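So the sequences go chain by chain: D and X.
Mapping of the first sequence onto numbering that gives the first Met the number 0: residues 0 to 483, in sequence order.
Mapping of the second sequence onto numbering that gives the first Met the number 0: residues 0 to 367, in sequence order.
We put the CB at the ideal spot given by N, CA and C, even for glycine.
This one's a predicted model, so the numbers in the text were calculated from it and none came from an experiment.
See below for the structure under consideration.
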Amino acid sequence: MKRSLPRKASFLEVKMVFSGIPFLYFFMPIFFLLYYLCPKSGKNSLIVLFSFLFYGWQEGRFLLLMMGIIVIGYSFGIFLEKSQNIFLRKVLITAAVTLYLFILGYFKYSNFFWENLKNIFSLEGKIAAVVLPVGISFYIFQMMSYNIDVYRKNCRAQKNIITVAAYISMFPQLIAGPIVRYKDIEQQLISRKHSINQTYVGMRRFIMGISKKILLANQLGECCSMFSQRGESSVLFYWIYAVAFMLQIYYDFSAYSDMAIGLAKMMGFELMENFNYPYTSKSITEFWRRWHISLGTWFRDYLYIPLGGNRVSFIKWIRNIFVVWFCTGFWHGASWNFIFWGLYFALFLIMEKVLFSKNGKKERKKDMLSHVYVLFFVMISFILFDAQNLKAAADNIVGLVGIGCDLIVGKESLFYLRQYGMVFIFSLLGISSFGKNIVKKGIFLLTGKKQVIELEMAGMIGLLLISSAYLVDGSFNPFLYFRF
Amino acid sequence: MKERKKQGLAVILIFILLFSIPLLFLFTKKEEYSTSERRVLKELPKLSFTTIKKGEFGRDMEEYFLDHFPFREGFRTLKAAVSTGIFGTKTENGLYEKEGYLVKMEYPIHQEMIEYAVNKFENIYESFLKEKGSQCYFAIIPDKNYFLADKYNMLSIDYEEFYRFFQEEISWAEHIDLREVLTLEDYYKTDTHWRQERLEKVAFLLGEKMGADTKAVYKKKKIEMPFYGVYAGQWSLPVEGETMYYLTNSVIEDCKVTSIEGKKNREQKIYHEEKFTGKDPYDLFLSGPQAIQIIENSRATSKKELIVFRDSFASSLIPLFVKDYAKITLLDIRYVQSNILDHYVEFKGQDILFLYSSFILNQAKALR
């Protein structure tokens, strides 16, 4: 009988997330009622108040930390703009970035560093485990980008601390992104329009997000949990797990982005898209243009390009790629498997650039093999991502080719394939625009119209009720990206 | 209607839905107990600086909201309908329905649990039974999954392996295989338990092996209200009620039943019809879960005594044993520490029966 360690997601506590009953039926309606009634001048204050409540609900002890970061970021912004001395500006931005990285390093990486130092130098003793505040990686990166943009004079420093607080703490994107740049929503923070259409589209996006999370991601997560408790070691089960986790992480994270973008739209903000059908990519390079776009562009603009990007010698370019992908991996979690996960992609990106590009500009030919190549190696990457340690990752990867397996197909794996078969089918339909187009064509054939609001409305209410029913019935509602 | 107006209507309707739930939540009476799930529902958590700081308040409030959500049962039914109807899941809350029976898909064998059970029984044997020369018997009651899993490609524990393990590890007892006489029809459709009116064959088999005469004439009494077992609530989808019967005669009715609770003794009866309308209708038999119960039969055909280490399945079977035993002691070590049993029971070479369902053995941490 095979027993793995519990999956990481199972350690997550229940929190007030968008896909939870307290948010959906208490926080959200009350907030929007007050928000739409509130005069324009008070809207940002209301956002800050409710965002603090939202954050405090789950991380009461870290609310002060977030407030402190807001004050620090606001102050650095003001000082950076006031200062005309180039040297002083450099000192200020270095101090700001160092401080942010120190805070992030302390809360996110101190346990990791201490464990590794202990192993390397055979040290003894313990340090008190540092608890990771929810969303710290997101809001620290946002604040860093704000200060850097003020330093680069890409935007003006915000004089009103409430506006800065609204930017950092805005609850839709506070704990799981997208990583919004201040300069992208600077104007919206000061003045934004609200319309019925915007509220409707935002609400539709939010409901699609919550449905993806609850009806697909959570069920795929259950399937992965069954794998970690398996009594059978078969090749089929390793494949079920690998595909299920690959789909789960996509639906989990993209659903959260959908909910964030939808809620922000209801508030009058246009946030950047974070996912664009990444599993339809034909290269790993393309995959990273479509997956967690806000993080990829953040590292591109604030690390890769300052390092010289690709306008440097080949060796330096290789260095730049490795630095960026080391940081990308490490950003995802304080563990070696995340670092290797990042470096794994660095290797593919270099390989694609060197082997498949003509003059470094064109990507690989478009064909079915390209899709298979991307899906397979991305799937392997997520096994590494999900594993408790490198050995567990290696076991789960070699299990795909039968190493360490007792069977090719077993009763248990077949059962779970049947149990989650429809979830897999629905999930696979949704990873490209294919599923969406089928629905659109179906509606057009039935009604002769491209959009039927009545049908959409019925669908939205239906999905909301079904999602609520799933929430009421069970508490299996982890969110993978909380670790970051 | 213009598109904009329709969109506005959609927004209003969804907000009405979002507001109606909290309003209903605020103004409806909060139940303390869920009959369908047979559990106490969460109370309103205490608001304090400490609970907020630790994040406990948020977590407890979420549980409170979930437990008292308006139309909770309706939502659970909707979820089950979507889960089985649209997603085609084979189990719902760990249960599946085949041939009209709701069955818990117990899987896999929890090796550490069954080893724990064996150690517990071994300690009891070594501490109280070995020196007294008691004749020990061991019987496992298979769950409904035993009868249906293979037929419908559902998962189940490896019953052969499970039975073999206990047979090999518990060598000091004579094993009686109840699978020889039990069929699926001997169980309630909506409950874990077996039907008492079909257990005479089980009592006969056990009695035959243990040298006890269990043959008797019983009156079959019907409970007029429908019986909904523990799975009916967990299943969430509508199920039909069942008919519950119990077997009785003048010997059973004359038995004296005493429940020992610490230093207090409480007089009981074999059957309590009024318990049928309580939290668990199966409590009709011997008043449900009890740590120590003594059944004394002054009209017994012998002076023999029996001690039964048991779970709730025994409550309905043991009344069929009273004929030949002057005294039967029932010990449920889920509710009393097994190492202090001699404080309450005098072990003096009585017949000993360990009678456990496969469920309890596979989740044996409940044994104390």
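Notebook entry, point to check: Of the residues 34(D), 170(D), 104(D) and 268(D), which one's Cα is nearest the Cα of residue 331(D)?
Noted result: The option with the nearest alpha carbon to residue 331(D) is 104(D).
Item checked: Same chain only: Cβ atoms within 8 Å of residue 278(X), ignoring 5 sequence neighbours per side -> Result list for residue 278(X): 32, 34 and 37, in chain order.
Item checked: From 269(X), 259(X), 149(X) and 228(X), residue whose alpha carbon lies closest to that of residue 248(X) -> The residue with the shortest Cα to Cα distance from residue 248(X) is 269(X).
Next item on the list: Can you grab the Cα-Cα spacing for the pair residue 292(X) / residue 337(X), in whole Å?
Entry: One C-alpha to the other measures close to 15 Å.
Next item on the list: Closer than 7 Å by beta-carbon distance: list the chain X residues that pair up with residue 56(D), in chain order.
Entry: Below the 7 Å Cβ cutoff, chain X contributes 57 as neighbours of residue 56(D), in chain order.
Notebook entry, point to check: What residues in the segment 83-96 of chain D have a beta carbon less than 7 Å from any beta carbon of chain X?
Noted result: Correct list: empty, as no residue qualifies.
Next item on the list: Go ahead and label residue 186(D) buried or exposed: buried means 16 or more other beta carbons lie within 10 angstroms of its beta carbon, across all protein chains shown.
Entry: The residue in question, residue 186(D), is exposed, as its Cβ has fewer than 16 Cβ neighbours within 10 Å.
Check: Does the Cβ of residue 220(X) have 16 or more other Cβ atoms within 10 Å, making it buried, or fewer, making it exposed?
Finding: Exposed.
Item checked: Minimum C-alpha distance to residue 350(D) - residue among 244(D), 416(D), 313(D) and 81(D) -> With distances taken between CA atoms, residue 350(D) lies nearest to 313(D) out of 244(D), 416(D), 313(D) and 81(D).
Notebook entry, point to check: Within the chosen definition, does the segment 299-306 of chain D reach the segment 394-404 of chain D through at least 3 CB pairs nearer than 8 Å?
Noted result: Too few Cβ pairs lie closer than 8 Å, so no.
Margin query: For residue 71(X), would you say it is in contact with chain D, using Cβ-to-Cβ distances shorter than 8 Å as the test?
Written below: For residue 71(X), at least one C-beta of chain D is nearer than 8 Å to its own C-beta.
Notebook entry, point to check: So which of 218(X), 125(X) and 257(X) has the shortest CA-CA distance to residue 327(X)?
Noted result: From the listed residues 218(X), 125(X) and 257(X), the smallest Cα separation to residue 327(X) is found for 257(X).
Next item on the list: Identify each residue in the segment 1-12 of chain X for which the Cβ-Cβ distance to at least one residue of chain D is less than 9 Å, and report them in chain order.
Entry: Answer set for the segment 1-12 of chain X: 2, 3, 4, 5, 6, 7, 8, 9, 10 and 12.
Note to self: With three or more beta-carbon pairs closer than 8 Å as the criterion, would you say the segment 218-236 of chain D touches the segment 246-266 of chain D?
What the structure shows: Flag = yes, the segment 218-236 of chain D and the segment 246-266 of chain D touch.
Next item on the list: Take the Cβ of residue 85(D) as the centre, count every other Cβ of all protein chains shown within 10 Å, and call the residue buried at 16 or more, exposed below.
Entry: It counts as exposed.
Check: Does DSSP put residue 221(X) in a helix, a strand or coil?
Finding: DSSP, reduced to helix, strand and coil, places residue 221(X) within a strand of the structure shown.
Checklist line | Assigned secondary structure, residue 344(X) (DSSP; H/G/I helix, E/B strand, else coil) | finding: Residue 344(X): coil per DSSP, three-state reduction.
Checklist line | chain D residues whose Cβ lies nearer than 8 Å to that of residue 154(X) | finding: Taking the beta carbon of residue 154(X) as reference, the chain D residues within 8 Å of it are 410, 411 and 414, listed in sequence order.
Notebook entry, point to check: To which residues of the same chain is residue 320(D) closer than 7 Å at the C-beta, ignoring the five residues directly before and after it?
Noted result: The answer, listed in chain order, is 345, 348 and 349.
Item checked: Residues, ordered as in the chain, of the segment 95-122 of chain X that lie near chain D by beta-carbon distance below 8 Å -> Going along the segment 95-122 of chain X in chain order, one finds 106, 107, 108 and 110 with a Cβ nearer than 8 Å to chain D.
Next item on the list: Using 10 angstroms around the beta-carbon of residue 359(D), count the other beta-carbons present and answer buried if the total reaches 16, otherwise exposed.
Entry: Note that residue 359(D) has pLDDT 47, beneath the 50 cutoff, so the model's placement of it is unreliable and no number is given.
Next item on the list: Provide the residue span of the alpha helix (DSSP H) that contains residue 297(X), from first to last.
Entry: Neither: residue 297(X) is in no alpha helix (DSSP H) and is coded neither H nor E.
Next item on the list: Taking all protein chains shown into account, decide if residue 372(X) is buried (16 or more other Cβ within 10 angstroms of its Cβ) or exposed.
Entry: Missing from the structure shown is residue 372(X); chain X here goes from 0 to 367 and no further.
Margin query: Based on DSSP bridge pairs, tell me the residues matched to residue 372(X).
Written below: There is no way to answer for residue 372(X), as the model of chain X reaches only from 0 to 367.
Note to self: Can you give me the C-alpha to C-alpha distance between residue 376(D) and residue 272(D), rounded to a whole angstrom?
What the structure shows: Each residue's alpha carbon lies about 24 Å from the other.
Next item on the list: Flag this pair as yes or no: are the beta carbons of residue 154(X) and residue 390(D) separated by less than 8 Å?
Entry: Not a contact, by the Cβ cut-off of 8 Å.
Note to self: In whole angstroms, give me the CA-to-CA distance for residue 290(X) and residue 123(X).
What the structure shows: Using only the alpha carbons, I get a separation of about 16 Å.
Checklist line | CB contact flag (residue 208(X), residue 173(X), <8 Å) | finding: For residue 208(X) and residue 173(X), yes; Cβs fall inside 8 Å.
Next item on the list: Specify whether the segment 183-197 of chain X and the segment 236-253 of chain X touch according to this definition: at least 3 beta carbon pairs, one from each stretch, less than 8 Å apart.
Entry: With the cut-off at 8 Å, the segment 183-197 of chain X and the segment 236-253 of chain X touch.
Item checked: Contact under 8 Å by Cβ, residue 154(D) with residue 192(D) -> Taking 8 Å as the Cβ cut-off, residue 154(D) and residue 192(D) do not qualify as a contacting pair.
Notebook entry, point to check: Taking the Cβ atom as the reference point for each residue, do residue 373(D) and residue 280(D) lie within a distance shorter than 8 Å?
Noted result: Contact: yes.
Margin query: Tell me the rounded alpha-carbon separation between residue 68(D) and residue 91(D).
Written below: For residue 68(D) and residue 91(D), the distance between alpha carbons rounds to 15 Å.
Checklist line | Under 9 Å from the C-beta of residue 147(X): neighbouring residues of chain D | finding: Per Cβ cutoff of 9 Å: no residues; residue 147(X) is ~14 Å from chain D at best.
Notebook entry, point to check: Helix, strand or coil: how does DSSP classify residue 268(D) here?
Noted result: DSSP, reduced to helix, strand and coil, places residue 268(D) outside both helices and strands of the structure shown, so it counts as coil.
Notebook entry, point to check: Is there a Cβ from chain X that is less than 8 Å from the Cβ of residue 359(D)?
Noted result: For residue 359(D), the predicted structure reports a pLDDT of 47, less than 50, and the residue's modelled location is therefore unreliable. A value from the coordinates is still provided. By this cut-off, residue 359(D) is not an interface position.
Item checked: Bridge partner(s) assigned by DSSP for residue 507(D) -> The displayed coordinates of chain D run from 0 to 483. Any statement about residue 507(D) would go beyond what the structure contains.
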